[in-house]
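To keep things clear, I will list the structure first and then write my remarks on it.
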Amino acid sequence: MRTEKLLVVFVFLGVMYSCSSDENNSNGDNTNQNPGFEYFASSSNYFWKDFVTLCNAEELYDTGLPVTDLYGFAVSGNDIYQGAEARFRTVYSGNDHYLNFGGCVLKNNTILYSDTGEGTAVRYVAVKGSDVYYLSMHMSEVTGQPVAPKLWKNGVMQYELIGPYNGNWSTANPWTFDLCVVGTDVYVGGWQSNGGSSFTTQCGYWKNGNFIQVTYGQDPAVFAKSKLKVTENGDVYFMTGFSVGGLRYQSKIFKNGVEFPITYEGVRSVFFDFDISGTDLYIVGTDIDESNNSTKTIWKNGTPIYFSFPENNYEEMTKISISDNRVFTGSYSSYNMTIWELNPAAGSLAKVGSKSEPYGVGLTQLYVRKK
């Protein structure tokens, strides 16, 4: 065993993925070592519950659903909601024409909402009571850039998400990530570049359609992994990356607009995901030294937690979810997905279960809840 360092941050996962119900369980080890919890995880190709494959995109397409990629999921009771993208076709709107991805929202393997008016891909879904919220990304076939993301509620478009550059979509590139609904407030994380040679990028979130800047930078690529979480009492946590001193992707986290202090031993650190439990913030990421060697890391309230990770296990650990004050992390390799439970006091990880698939496996989201 070798000692690795883990940084953990707690975040409430309000946006999750749903999937179709192919319960083919012929591939991989799906032993659940902790059946007191339910485990939901997704990649662009697969959705799993308790280490059983409930759907994969190819089989959905073969059954007649025009789905090619799976995106954000949400779990509400026994129902699973999922954003999806479909095969390309072209439609026309005004003087511009768009790639129509056939974006849709699935509920338990059935199309619940779809939008074919303009080219869309549904990336994020949130459920609050009986209301279903989702984000659609619109791409211009001419420029290949996003046009205007839109927020939807129960199949009805609520508003376009206009950024800090006055909606000049010909030069500004808006992107959205993460969707949270707290009370009657809707939060959408995102960023927008002004285009041109300077590429000044403002990064922040929309609250009920109004953009609030958290930070800005010169390199829009560093914001690609940004994440947003909002607690029930209205605290806004915002995770993003930076270009600092020529070293790209120095990640940072802000709480209500104020940078959260993080300790790391290398020259920079990269954050992949975070979660919140009460007043505790857990982050999962990697610490990178001067030779560009990385160490898997979990931080609790900015301080690294040291733990043992299996020797010769090269899975990327990129997701975290907290339930009942228990900390779970997710890792993946080319064909395998694994969920672990962290013991912060002992600095140890226990394998909960894993799942192998014949096609490529990533890990785009993890959600754990107590039964």
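Residue numbers for the sequence shown follow our numbering, beginning at 11 and rising by one.
Glycine included, C-beta positions come from ideal geometry on N, C-alpha and C.
In this text, all values refer to a predicted model and were calculated from it rather than measured experimentally.
{"Asked": "Please list the terminal residues of the continuous beta strand (DSSP E) segment that includes alanine 158.", "Found": "No beta strand (DSSP E) holds alanine 158; DSSP gives it neither H nor E."}
{"Asked": "According to DSSP, is threonine 70 part of a helix, a strand, or is it coil?", "Found": "For the record, residue 70 in the displayed sequence is leucine; it is not threonine. Correct three-state label for leucine 70: helix."}
{"Asked": "Which residue wins for smallest C-alpha separation from leucine 5, given the options Ile298, Phe319 and Leu80?", "Found": "With the chain covering only 11 through 381, there is no way to say anything about residue 5."}
{"Asked": "When burial is assigned at 16 or more other CB atoms within 10 Å of the CB, is valine 191 buried or exposed?", "Found": "buried"}
{"Asked": "From this set, Asn266, Gln375 and Gly82, which residue's C-alpha is nearest valine 240's C-alpha?", "Found": "Asn266"}
{"Asked": "Check serine 140 in the structure and name its three-state DSSP category.", "Found": "coil"}
{"Asked": "Who are the Cβ neighbours of glycine 46 in its own chain at under 8 Å, not counting the five residues just before and after it?", "Found": "Lys380 and Lys381"}
{"Asked": "What are the partner residues of valine 268, as DSSP defines its beta bridges?", "Found": "Lys265"}
{"Asked": "So is threonine 120 buried or exposed if we call it buried at 16+ other beta carbons inside 10 Å?", "Found": "exposed"}
{"Asked": "In terms of DSSP beta bridges, what is leucine 80 paired with?", "Found": "Ala94"}
{"Asked": "Per DSSP, glutamine 375 is paired with what?", "Found": "Ser52"}
{"Asked": "Let me know the secondary structure DSSP gives phenylalanine 338 once reduced to three states.", "Found": "strand"}
{"Asked": "Just the C-alpha distance for tyrosine 102 and tyrosine 134, rounded to the nearest angstrom, thanks.", "Found": "Residue placement at tyrosine 102 is poorly supported in this model, since its pLDDT is 45, which falls under 50; the coordinates still yield a value, given next. Going from the Cα of tyrosine 102 to the Cα of tyrosine 134 covers about 25 Å."}
{"Asked": "Considering only residues of the same chain and omitting the five flanking positions on each side of glutamate 269, which have a CB-CB separation below 8 Å?", "Found": "Lys262 and Ile263"}
{"Asked": "So is glutamine 43 in contact with chain C if we call contact Cβ pairs under 8 Å?", "Found": "Of the chains in the structure shown, none is chain C; there is only one protein chain."}
{"Asked": "If the criterion is Cβ atoms closer than 8 Å, does the pair glycine 200 and threonine 186 meet it?", "Found": "yes"}
{"Asked": "Rank Ala356, Ile286 and Trp309 by C-alpha distance to the C-alpha of valine 378 and give the top, closest one.", "Found": "Ile286"}
{"Asked": "With distances taken Cα to Cα, identify the nearest neighbour of lysine 217 among Glu367, Ser236, Val246 and Ala94.", "Found": "Val246"}
{"Asked": "Could you check the C-alpha separation between tyrosine 169 and alanine 356 for me, to the nearest Å?", "Found": "48 Å"}
{"Asked": "What did DSSP end up calling serine 287 once you bin it into helix, strand or coil?", "Found": "strand"}
{"Asked": "DSSP beta-bridge partners for leucine 75?", "Found": "The partner list for leucine 75 (beta bridge, DSSP) is empty, contrary to what the question assumes."}
{"Asked": "For asparagine 353, is the classification buried or exposed, using 16 other Cβ atoms within 10 angstroms of its Cβ as the cut-off for buried?", "Found": "exposed"}
{"Asked": "Please report the straight-line C-alpha distance between glutamine 92 and cysteine 213, rounded to a whole angstrom.", "Found": "26 Å"}
{"Asked": "Specify, as a first and last residue, the run of the beta strand (DSSP E) that serine 203 falls within.", "Found": "195-203"}
{"Asked": "If the criterion is Cβ atoms closer than 8 Å, does the pair leucine 376 and isoleucine 330 meet it?", "Found": "yes"}
{"Asked": "Tell me which same chain residues have a C-beta within less than 6 Å of the C-beta of leucine 122, skipping the five on either side of it?", "Found": "Val115"}
{"Asked": "What whole-angstrom Cβ distance do serine 364 and phenylalanine 61 have, given they're in contact under 8 Å?", "Found": "7 Å"}
{"Asked": "What would DSSP say about valine 294, mapped onto helix, strand or coil?", "Found": "strand"}
{"Asked": "Beta-carbon separation of threonine 273 and threonine 307 under 8 Å?", "Found": "no"}
{"Asked": "Taking the C-alpha atoms as reference points, what is the distance between glutamate 351 and phenylalanine 282?", "Found": "17 Å"}
{"Asked": "Give me, in chain order, the residues of the same chain whose beta-carbon lies closer than 6 Å to that of serine 343; leave out the 5 immediate sequence neighbours on both sides.", "Found": "Glu325"}
{"Asked": "On the three-state DSSP scale, how would you describe threonine 225?", "Found": "strand"}
{"Asked": "Judging by CA-CA distance, which residue of Ile349, Val337, Lys361 and Ala360 is the nearest neighbour of serine 52?", "Found": "Ile349"}
{"Asked": "Hey, would you say glutamine 43 sits closer than 8 Å to lysine 361, going by beta carbons?", "Found": "yes"}
{"Asked": "Taking buried to mean at least 16 other C-beta atoms within 10 Å of its own C-beta, is proline 159 buried or exposed?", "Found": "buried"}
{"Asked": "Within a Cβ cutoff of 7 Å, which residues of the same chain sit near tyrosine 369, ignoring the five residues on either side of it in sequence?", "Found": "Asn55"}
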